[in-house]
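In my numbering, the protein residues as written are 5 to 537. Glycine residues also receive a C-beta, built at the ideal position from the N, C-alpha and C atoms.
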Amino acid sequence: MKSISAYNIVNTDSGIRAFLMKETKHKRHTKPGRTRTRRRKTHSKSAKTNDDDGWLRITIRGAPYERGVSHGKQVIAADPERFTYMFTVYDFLFKQGYGRDIEFFYGLCDDFYRPVIKKRFPKIFKEMEGIAAGAGIRVCQVILINVYMSLPYFYAHLLRYIDTPKYRKKYADVIRDELAIVADPNALSARNARLNEFKDRCSLVMAVGEDWTKDGGIVCGHSSFTDFLDAQFSNVILRIEPEEGDGCAMVMQSAPGGVWSMTDFFVTSAGIIGSETTIRGFNAFKLRDPICCRIRECMQYGKTLEEYAERLQKRNSGDYACSWMFGDTRNRGGGGGPRIMRVELGLNYVNVETTRNGVFIGFNSTYDERIRNIECTDALSSKAATGATGAGAIDAGGSGWRDVSSSIGNRRVQLEKLTEKYHGRIDTDVMKRILADHYDNHLGKTAPNTRTVCKHGYTDGGEGGATIPYKPVGAYDTKIADSASAKRMSFLAHWGPPCGTPFSVKEHMKKHPEWKDWAEYLVDFPRRGWINV
Ligand SMILES: [Zn+2]
5 MKSISAYNIV
15 NTDSGIRAFL
25 MKETKHKRHT
35 KPGRTRTRRR
45 KTHSKSAKTN
55 DDDGWLRITI
65 RGAPYERGVS
75 HGKQVIAADP
85 ERFTYMFTVY
95 DFLFKQGYGR
105 DIEFFYGLCD
115 DFYRPVIKKR
125 FPKIFKEMEG
135 IAAGAGIRVC
145 QVILINVYMS
155 LPYFYAHLLR
165 YIDTPKYRKK
175 YADVIRDELA
185 IVADPNALSA
195 RNARLNEFKD
205 RCSLVMAVGE
215 DWTKDGGIVC
225 GHSSFTDFLD
235 AQFSNVILRI
245 EPEEGDGCAM
255 VMQSAPGGVW
265 SMTDFFVTSA
275 GIIGSETTIR
285 GFNAFKLRDP
295 ICCRIRECMQ
305 YGKTLEEYAE
315 RLQKRNSGDY
325 ACSWMFGDTR
335 NRGGGGGPRI
345 MRVELGLNYV
355 NVETTRNGVF
365 IGFNSTYDER
375 IRNIECTDAL
385 SSKAATGATG
395 AGAIDAGGSG
405 WRDVSSSIGN
415 RRVQLEKLTE
425 KYHGRIDTDV
435 MKRILADHYD
445 NHLGKTAPNT
455 RTVCKHGYTD
465 GGEGGATIPY
475 KPVGAYDTKI
485 ADSASAKRMS
495 FLAHWGPPCG
505 TPFSVKEHMK
515 KHPEWKDWAE
525 YLVDFPRRGW
535 INV
């Protein structure tokens, strides 16, 4: 499908406004061989995007293996170096976060994820094998892409799985290192704070009903956050049309090689819109079915909200624990109208709520006190780690839930305020405004920073709550679906910060040379338009 219109978001004195523009064509910001920053010659930092405002569209159909092959080939056709470059960046990230290289993680994928995916999800495994064949890469590499979000959770509990008769010899060095870290509370706290940084990943709003949305239908908006190293790969719009009789078609934001969304934004031919925000500080884990397979089966086979909630809980691993939100845009039995569901999915605790007239917000924590206080380890939050005052503070802190100086606390308060302010008027334009919000309740002023709904970590020297000053991290996309777009299996998508503020690698490195080892792998986020997926 072609992009039929483009929107720009502009900053004005009265705040941020979105307006409709006539379609404009944007040049790709980088071209192979012409990137603006130093890079290795073997890498191509930008996939060819068919001029889709930064996105790469991939449509695959047919049987699992066949559609996988097509997926791999389409990525390679757009950019022959895309996967090579992606694994180089992942390797760099793994070394920065864990001190271990990507080969170690391929090994974990082969030992611990390959058997469960192959046995429990044979069709998904076939699709992964197809992607590997189509792209000319290894199956363990495709598995790694798809369990990338699960790895920090698994890694925090690694000893339980490698210090066993089967693996004790193979992983002897890792066991030695992990035992040393676990024995030292300071080392454990520092390492877990690094793993935990990964879990603070997005802002989300889903609303329905006459008191909340303009037309009473569902409106859902989501913006992803992460460091700009792995962010750059989430620019794939993946449309999957399984063969006749094998479930629903689906369209989602994804990454090259993905069999699920990962950032999580999708619509399906069952009329369901789905998204989530991760739960920061979550630390309950049991290696069972990975989230990539559980949510993919929801998308492909789920016809009702209840089926989604059920499938997510079946053989749940606690990996990538999220506050999931699903909207059923169809009128089902009884003429009740569209309905939305929030599933706060812990490991042993799950909180499910539904409404036909209400709003759910996502800010990387839960309303459920059991998940927040039992399954989220307060000490794991880097924010809480520096401000911990003992067990008595758990309910007051709870991974920043009530603390407006934290990203979670500020975004909870601000999203509650904004949805209240716009109640009864929420539509796609209002959603753009909400997700581009820069109000800091701790400072009492507008200040784009780490704690704002539209997150800007890279401009934050610490006054906005950044634990690491000027880290190239922040909000890098916006996706918005409503009942009408879901019926067309479509949504609006914008690549780059929700407010439209450009990010330039060159400019950033001039001001903050402490990040210059990242420059080789970073890409610019220039101002871009919206596409209709
Ligand atoms: Zn912004």
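In the DSSP assignment, no residue is bridged to residue 176.
Proximity of the region 315–331 to the region 275–282 meets the contact definition, three or more beta-carbon pairs being nearer than 8 Å.
Residue pairing of residue 346 in beta bridges, as defined by DSSP: 329 and 357. The C-beta of residue 515 has fewer than 16 other C-beta atoms within 10 Å across all chains shown, which makes the residue exposed. By the CB criterion at 8 Å, residue 532 and residue 234 fall outside the cutoff. About 7 Å separates the CB atoms of residue 79 and residue 62; that is less than 8 Å, so the two are in contact.
The Cβ atoms of residue 227 and residue 496 lie no closer than 8 Å to each other. Between residue 87 and residue 261, the C-beta spacing is below 8 Å. Cβ-Cβ separation between residue 222 and residue 494: approximately 14 Å, too far for a contact (criterion under 8 Å). The criterion of a C-beta distance shorter than 8 Å is not satisfied by residue 365 and residue 212.
When the alpha-carbon of residue 83 is set against those of 139, 180, 219 and 508, the nearest one is in 139.
In this structure, DSSP gives residue 65 an extended state, which the three-state scheme calls strand.
When beta bridges are read from the DSSP output, residue 206 appears opposite 228. Distances taken from the Cβ of residue 187 to the heavy atoms of ligand 1 include none shorter than 7 Å. If you draw a straight line from the Cα of residue 309 to the Cα of residue 259, it comes to about 25 Å. Less than 8 Å separates the beta-carbon of residue 321 from that of residue 293. Pairing residue 530 with residue 454, the inter-Cα distance amounts to about 20 Å. Taking 8 Å as the cut-off, the beta carbon of residue 409 is found no closer than this to the beta carbon of residue 461. Counting only heavy atoms of ligand 1, the residues whose C-beta sits closer than 5 Å to one of them are, along the chain, 452, 458, 501 and 503.
Counting along the chain, the unbroken alpha helix (DSSP H) around residue 295 starts and ends at 295–305. Cα atoms of residue 98 and residue 123: separation of roughly 28 Å, rounded to the nearest angstrom. Counting along the chain, residue 264 sits inside no alpha helix (DSSP H), nor does DSSP assign it H or E at all. For residue 320, there is no enclosing beta strand (DSSP E), as DSSP marks it with neither H nor E.
Assignment of beta-bridge partners to residue 168 by DSSP yields no partner.
Less than 8 Å divides the Cβ of residue 224 from the Cβ of residue 485. Membership of residue 531 in any alpha helix (DSSP H) is not indicated, and neither H nor E is assigned to it by DSSP. When secondary structure is reduced to three states using DSSP, residue 59 falls in the strand class.
Annotation for residue 525: 93, 96 and 233 place their beta carbon closer than 7 Å to its own, counting only its chain and skipping 5 residues before and after. In this structure residue 432 is buried. Its beta-carbon is surrounded by 16 or more other beta-carbon atoms within 10 angstroms. In the three-state reduction of the DSSP assignment, residue 100 falls in the helix class, which pools H, G and I.
Look at the region 399–465 and you find no whole run of beta strand (DSSP E) that is 3 residues long or longer.
Bounds of the alpha helix (DSSP H) holding residue 126 are 126–139. In the three-state reduction of the DSSP assignment, residue 105 falls in the coil class.
Take the alpha-carbon of residue 360 and the one of residue 341: they are about 7 Å apart. Taking a C-beta distance under 8 Å as the contact criterion, residue 231 and residue 475 qualify as a contact pair. Residue burial is scored here from C-beta neighbours: residue 100 has fewer than 16 other C-beta atoms within 10 angstroms and is therefore classed as exposed.
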